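**Q**
Number of protein chains: 2
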Amino acid sequence: MKLGWDDIKTVHALVRGGSLAAAATELGVNYTTVARRIQRAEDTLGLKLFERLADGYAPTDTARLVAEHAAKMEAEEHSLMRQLAGRDGRLSGKLTVTAPQLLIAHLLAPMLETFVKQHPEVDLRVPATNDILDLSRREADLAVRISREPGDTLKGLRLARQHTASFATQGWADRIAADPSAPIDWILYDAYPRLPDIVTARYPSSRVRYRFDDMVAILGAAQSGLGLARLPMFLGRVTPGLVQVPVLPPQPYADIWVVGHADVWPSAKVRAFRDCLVPHLRARRDLFVGEGDLSTSPQVG
Amino acid sequence: MKLGWDDIKTVHALVRGGSLAAAATELGVNYTTVARRIQRAEDTLGLKLFERLADGYAPTDTARLVAEHAAKMEAEEHSLMRQLAGRDGRLSGKLTVTAPQLLIAHLLAPMLETFVKQHPEVDLRVPATNDILDLSRREADLAVRISREPGDTLKGLRLARQHTASFATQGWADRIAADPSAPIDWILYDAYPRLPDIVTARYPSSRVRYRFDDMVAILGAAQSGLGLARLPMFLGRVTPGLVQVPVLPPQPYADIWVVGHADVWPSAKVRAFRDCLVPHLRARRDLFVGEGDLSTSPQVG
DNA sequence: TTTCATACATGCGTTTTTGCACGTGTGAGA
DNA sequence: TCTCACACGTGCAAAAACGCATGTATGAAA
Numbered sequence: 321m322k323l324g325w326d327d328i329k330t331v332h333a334l335v336r337g338g339s340l341a342a343a344a345t346e347l348g349v350n351y352t353t354v355a356r357r358i359q360r361a362e363d364t365l366g367l368k369l370f371e372r373l374a375d376g377y378a379p380t381d382t383a384r385l386v387a388e389h390a391a392k393m394e395a396e397e398h399s400l401m402r403q404l405a406g407r408d409g410r411l412s413g414k415l416t417v418t419a420p421q422l423l424i425a426h427l428l429a430p431m432l433e434t435f436v437k438q439h440p441e442v443d444l445r446v447p448a449t450n451d452i453l454d455l456s457r458r459e460a461d462l463a464v465r466i467s468r469e470p471g472d473t474l475k476g477l478r479l480a481r482q483h484t485a486s487f488a489t490q491g492w493a494d495r496i497a498a499d500p501s502a503p504i505d506w507i508l509y510d511a512y513p514r515l516p517d518i519v520t521a522r523y524p525s526s527r528v529r530y531r532f533d534d535m536v537a538i539l540g541a542a543q544s545g546l547g548l549a550r551l552p553m554f555l556g557r558v559t560p561g562l563v564q565v566p567v568l569p570p571q572p573y574a575d576i577w578v579v580g581h582a583d584v585w586p587s588a589k590v591r592a593f594r595d596c597l598v599p600h601l602r603a604r605r606d607l608f609v610g611e612g613d614l615s616t617s618p619q620v621g
Numbered sequence: 321m322k323l324g325w326d327d328i329k330t331v332h333a334l335v336r337g338g339s340l341a342a343a344a345t346e347l348g349v350n351y352t353t354v355a356r357r358i359q360r361a362e363d364t365l366g367l368k369l370f371e372r373l374a375d376g377y378a379p380t381d382t383a384r385l386v387a388e389h390a391a392k393m394e395a396e397e398h399s400l401m402r403q404l405a406g407r408d409g410r411l412s413g414k415l416t417v418t419a420p421q422l423l424i425a426h427l428l429a430p431m432l433e434t435f436v437k438q439h440p441e442v443d444l445r446v447p448a449t450n451d452i453l454d455l456s457r458r459e460a461d462l463a464v465r466i467s468r469e470p471g472d473t474l475k476g477l478r479l480a481r482q483h484t485a486s487f488a489t490q491g492w493a494d495r496i497a498a499d500p501s502a503p504i505d506w507i508l509y510d511a512y513p514r515l516p517d518i519v520t521a522r523y524p525s526s527r528v529r530y531r532f533d534d535m536v537a538i539l540g541a542a543q544s545g546l547g548l549a550r551l552p553m554f555l556g557r558v559t560p561g562l563v564q565v566p567v568l569p570p571q572p573y574a575d576i577w578v579v580g581h582a583d584v585w586p587s588a589k590v591r592a593f594r595d596c597l598v599p600h601l602r603a604r605r606d607l608f609v610g611e612g613d614l615s616t617s618p619q620v621g
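The listed protein sequences correspond, in order, to chains P and U. Following the working numbering, the numbering of the first sequence begins with 321 at its first residue and continues without gaps. Following the working numbering, the numbering of the second sequence begins with 321 at its first residue and continues without gaps.
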């Protein structure tokens, strides 16, 4: 007659996932277990929760009602887990820090090594993804993000201000220096699909030749000499084979932040990681910005 | 690394109950199961949740934090269960109706028989207790209560207005009729520990001889001829051996209500029960009130 | 039509969880 | 001091839950 809380959670997962397999993955169990828990829940309630269709389990209104309440219970669970994490004074156990792939590869990796040497008991995990992980759900304890603001509900520290500029192979740089009116090929990122006005005004021979949705692909294309790319300063500077070209002068860009949920922020491990990360990036702050006037006078990199 | 919801619930039950046995009773499991779940929770969290003392488990701050969040999850669970009950259109399964013992014994029993005959599939449970069961937690689906108001968060229907009056054996009635100034012994209920002013004014020979905390005891004492008792009209009238005596004229008293949580109110079973209960009591409404002027002229019962 | 992928059902052996019986320690009351 | 009630720990066997392997149905793609 009594429905267990884990069964409520299972109904919720199945309503969200739409299939036994999806729900099972979310819960970390075999999908047959999900099927059996649903069956048990229906039996104890005496109500049908899902229609078994050929292409999956379709939730009834009843199941949706259950899932709605389960979502609130889950929010409460996440709040609890965050607060437990925040009170945790140990420098051991799991710590999850997420950052964009390219930031890790070029900037964070050495610092991560320093951290794990200082705190060998910490089980550090670094999901290197461009996805925005949900810090409320503790998909990560800390996130290094490139954005204008830390976000409404999150605590954050600005690690560095950033500029972008144009980068290409030395060949492109030489050619443009020799003849500024020669055709210039651009490689564009889908997230910024237009050439800046300053470029079209000063270099009307610019033309867009490639568009990519992936920054790694852009880097590769630029290294191969396919054209100019607008890159964050640090990325252009640390990428072998690229030099800054003075077509697009340094432009303000989104800053680098480290952000975390306020509940988790006080945790010993999170504090220790920040104490390692913040000086590391601030010491290199010059790497992220261009030199000289940002709006008018082009600079040679 | 992940704490199951049922384990969170177990921590909550143990914080509330204070001992393994109490928590186990609440959860409907063996107490060893509680001990093992707590142990498992501590292992997966890597935190101590309870101090094992000679006289029970003492919660740590951590456990209290868990319990606090669990309480909110539980509230959400109760809300869900109420809404599921409210949507239940079946006239089968469990239905719990609570009422004060004396109301059931003297008034409701015949009506209950009618109801179960009309709805044989309903598994009717009637906790006959003077305790106020928590309708939010679904300790009962409906409650018949004697009170001034139905309560803030509850739905309710007034079944009958009530009066009280003085009752005693025929011997007392005769004696008082023969000599109104003779000594009158009273049996008082702890909840109303004073004689009404109207009694002391008109019958100054009144004296309090007995005080009881239980209404059944008062009935017995009055039946045994120990003195006069102030009783709800219906109770005095249906109790063998008692007659109304005109010392205390009929006085307004708390009404009889049937109340339920708004979520549960629309349920088919609850509606069916109300449809049986309300006419039954309203048809007998004269039983609950005295005749004539309520404040000045005493009546002979 | 055949093949493949998705999504679920079912049977079986294993693992986990649970209940029960029994034992320990402690404090209140005779 | 003795006994009893209470609260908890432990070992073992039963029960429940689980994962895996296998089989079926359906729809899309070759």
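Even glycine gets a Cβ: it sits at the ideal position worked out from N, Cα and C. All values derive from a computational prediction rather than experimental measurement.
Taking DSSP's pairing of strands, which residues face E371/U in a bridge?
**A** As a first step, residue 371/U is located in the second sequence; it is residue number 51 there, counting from the start. A378/U, per the DSSP bridge assignment.
**Q** Could you work out which residues of chain P lie near D583/U, taking near to mean beta carbons separated by less than 7 angstroms?
**A** Mapped onto the second sequence, residue 583/U falls at position 263. Correct list: empty, because the minimum Cβ distance to chain P is about 11 angstroms.
**Q** Can you give me the Cβ contacts of P586/P inside the same chain, cut-off strictly under 6 angstroms, excluding the 5 residues immediately before and after it?
**A** In the first sequence, the residue the question calls residue 586/P occupies position 266. Excluding sequence neighbours, P586/P sits near G406.
**Q** In the DSSP assignment, what are the bridge partners of Q571/P?
**A** By one-based count along the first sequence, residue 571/P stands at place 251. Its beta-bridge partners are T484/P.
**Q** Count Cβ pairs between the segment 504-523 of chain P and the segment 560-568 of chain P that sit closer than 8 angstroms; are there 3 or more?
**A** As far as the Cβ criterion goes, the segment 504-523 of chain P touches the segment 560-568 of chain P, which means the pair count is three or higher.
**Q** Please report the distance separating the alpha-carbon of M431/P from that of G413/P.
**A** The residue labelled residue 431/P in the question sits at position 111 within the first sequence. The residue labelled residue 413/P in the question sits at position 93 within the first sequence. Their Cα atoms are separated by approximately 19 angstroms.
**Q** The beta strand (DSSP E) spanning L508/P covers which residue range?
**A** Residue mapping note: residue 508/P aligns to position 188 of the first sequence, counting from 1. Here the beta strand (DSSP E) through L508/P covers 504-509.
**Q** If we cut at 9 angstroms on Cβ distances, does R410/U have a partner in chain P?
**A** As a first step, residue 410/U is located in the second sequence; it is residue number 90 there, counting from the start. Yes, contact with chain P.
**Q** How close, in whole Å, do the beta carbons of R458/P and H398/P come, if the pair is a contact with beta carbons under 8 angstroms?
**A** Here the question's residue 458/P lines up with position 138 in the first sequence. Here the question's residue 398/P lines up with position 78 in the first sequence. At roughly 6 angstroms, the Cβ-Cβ gap stays under 8 angstroms, so R458/P and H398/P are in contact.
**Q** Skipping 5 residues on each side, what residues in its chain have a beta carbon closer than 6 angstroms to that of G376/P?
**A** Looking up residue 376/P in the first sequence gives position 56. Here the set comprises G338, S339.
**Q** Could you tell me which of A497/U, A498/U, R531/U sits nearest to L508/U, measuring between CA atoms?
**A** As a first step, residue 508/U must be located in the second sequence, where it is residue number 188. Looking at the Cα atoms, R531/U is the closest of the given residues.
**Q** If we define contact as Cβ-Cβ less than 9 angstroms, is V446/U a contact residue for chain P?
**A** For this step, residue 446/U is matched to residue 126 along the second sequence. False, the Cβ-Cβ gap to chain P never drops below 9 angstroms.
**Q** Mind checking I452/U: buried by the 16 CB within 10 Å criterion, or exposed?
**A** Position 132 of the second sequence, counting from 1, holds the residue named residue 452/U. The residue is exposed, with fewer than 16 neighbouring Cβ atoms inside 10 Å.
**Q** Looking only at its chain, what residues have a beta carbon closer than 6 angstroms to the beta carbon of Q421/U, apart from the 5 residues adjacent to it on each side?
**A** Along the second sequence, read from residue 1 onward, the residue named residue 421/U stands at position 101. Closer than 6 angstroms at the Cβ level, and outside the excluded window around Q421/U, lie A448.
**Q** Just to confirm the assignment, what range does the alpha helix (DSSP H) spanning D443/P have?
**A** Locating residue 443/P in the first sequence gives position 123, where the first residue counts as 1. Taken as a continuous stretch (DSSP letters only), D443/P belongs to no alpha helix (DSSP H), being part of the beta strand (DSSP E) at 442-445.
**Q** Note down the Cα distance separating P440/P from L427/P, rounded to an integer number of angstroms.
**A** Sequence index remark: in the first sequence, residue 440/P carries index 120 (1-based). Sequence index remark: in the first sequence, residue 427/P carries index 107 (1-based). Cα to Cα, the separation comes out at about 21 angstroms.
**Q** Could you work out which residues of chain U lie near K329/P, taking near to mean beta carbons separated by less than 8 angstroms?
**A** The residue you call residue 329/P lines up with position 9 of the first sequence. Result: W325.
**Q** Please check the pair Q482/P and A603/P, which I expect to be a contact at CB under 8 angstroms, by giving their CB distance rounded to whole angstroms.
**A** Numbered from 1 along the first sequence, position 162 holds the residue referred to as residue 482/P. Numbered from 1 along the first sequence, position 283 holds the residue referred to as residue 603/P. In fact, because the Cβ distance is near 16 angstroms, the residues do not count as touching under 8 angstroms.
**Q** Chain U beta carbons: is any one of them nearer than 9 angstroms to that of K322/P?
**A** Position 2 of the first sequence, counting from 1, holds the residue named residue 322/P. Closer than 9 angstroms: yes.
**Q** Among the candidates D534/U, D517/U, P470/U, whose CA atom is the shortest distance from the CA of R527/U?
**A** Locating residue 527/U in the second sequence gives position 207, counting from the first residue. Looking at the Cα atoms, D517/U is the closest of the given residues.
**Q** Strictly by DSSP, which residues pair up with S501/P?
**A** Here the question's residue 501/P lines up with position 181 in the first sequence. According to DSSP, S501/P bridges with nothing at all.
**Q** Taking 9 angstroms as the cut-off, decide whether the C-beta atoms of K492/P and G547/P are in contact.
**A** Position 172 of the first sequence holds residue 492/P. Position 227 of the first sequence holds residue 547/P. Sequence inspection shows Trp at residue 492/P; the Lys mentioned does not correspond to that position. Yes, they are a contact pair.
**Q** Taking the alpha carbon of K475/U as the point to measure from, which residue in M553/U, R495/U, V578/U has its own alpha carbon closest?
**A** On the second sequence, position 155 is the one that residue 475/U refers to. Of the listed residues, the one whose Cα sits closest to K475/U is V578/U.
**Q** What residues from chain U crowd round M553/P, counting only those whose CB sits closer than 8 angstroms?
**A** The count along the first sequence starts at 1 and reaches residue 553/P at position 233. In chain order: nothing, as chain U lies at least about 39 angstroms away.
**Q** Thinking E371/U and T380/U are a contact (beta carbons under 8 angstroms), I'd like their distance in whole angstroms, please.
**A** Along the second sequence, read from residue 1 onward, the residue named residue 371/U stands at position 51. Along the second sequence, read from residue 1 onward, the residue named residue 380/U stands at position 60. Right, their Cβ atoms sit about 7 angstroms apart.
**Q** For a contact meaning CB atoms closer than 9 angstroms, what does L455/U contact in chain P?
**A** The residue given as residue 455/U occupies position 135 in the second sequence. None at all; the shortest Cβ gap to chain P is about 18 angstroms.
**Q** Which residue marks the beginning of the beta strand (DSSP E) containing K414/U, and which one marks its end?
**A** Here residue 414/U corresponds to residue number 94 of the second sequence, with the count starting at 1. K414/U -> beta strand (DSSP E) spans 413-418.
**Q** Hey, could you find the ends of the alpha helix (DSSP H) Y530/P is sitting in?
**A** In the first sequence, the residue the question calls residue 530/P occupies position 210. From DSSP, Y530/P is part of no alpha helix (DSSP H) but of the beta strand (DSSP E) over 526-532.
**Q** Which partner residues does Q564/U have in the DSSP bridge list?
**A** Position 244 of the second sequence, counted from the first residue, corresponds to residue 564/U. In DSSP, Q564/U forms a bridge with F487/U.
**Q** Going by DSSP, what residue range makes up the beta strand (DSSP E) through I466/U?
**A** Residue mapping note: residue 466/U aligns to position 146 of the second sequence, counting from 1. It spans 462-467 - the beta strand (DSSP E) in which I466/U sits, taken as one unbroken run.
**Q** Taking 8 angstroms as the threshold, find out whether the segment 595-610 of chain P comes into contact with the segment 532-545 of chain P through three or more Cβ pairs.
**A** Counting Cβ pairs under 8 angstroms, fewer than three are found: no touch.
**Q** Out of curiosity, what's the CA-to-CA distance linking L477/P and A588/P?
**A** For the purposes of this step, residue 477/P is identified with residue 157 of the first sequence, where counting begins at 1. For the purposes of this step, residue 588/P is identified with residue 268 of the first sequence, where counting begins at 1. In a straight line, the C-alpha of L477/P is about 17 angstroms away from that of A588/P.
**Q** Within its chain, find whatever has a CB closer than 7 angstroms to the CB of A304/U; leave out the 5 residues flanking it on each side and keep chain order.
**A** It is not possible to answer for residue 304/U, since the shown part of chain U is limited to 321 through 621.
**Q** Is there a Cβ of chain P sitting closer than 9 angstroms to that of L415/U, yes or no?
**A** Taking the first residue of the second sequence as 1, we reach residue 415/U at position 95. False, the Cβ-Cβ gap to chain P never drops below 9 angstroms.
**Q** So V417/U and A460/U are in contact, right, with Cβ under 8 angstroms, and what is the actual spacing, rounded?
**A** Residue mapping note: residue 417/U aligns to position 97 of the second sequence, counting from 1. Residue mapping note: residue 460/U aligns to position 140 of the second sequence, counting from 1. Contact flag correct, Cβ pair sits at about 6 angstroms.
**Q** Could you list which residues in chain U have their beta carbon closer than 7 angstroms to that of K392/P, in chain order?
**A** Within the first sequence, residue 392/P is the residue found at index 72, counting from 1. What K392/P touches in chain U: E396.
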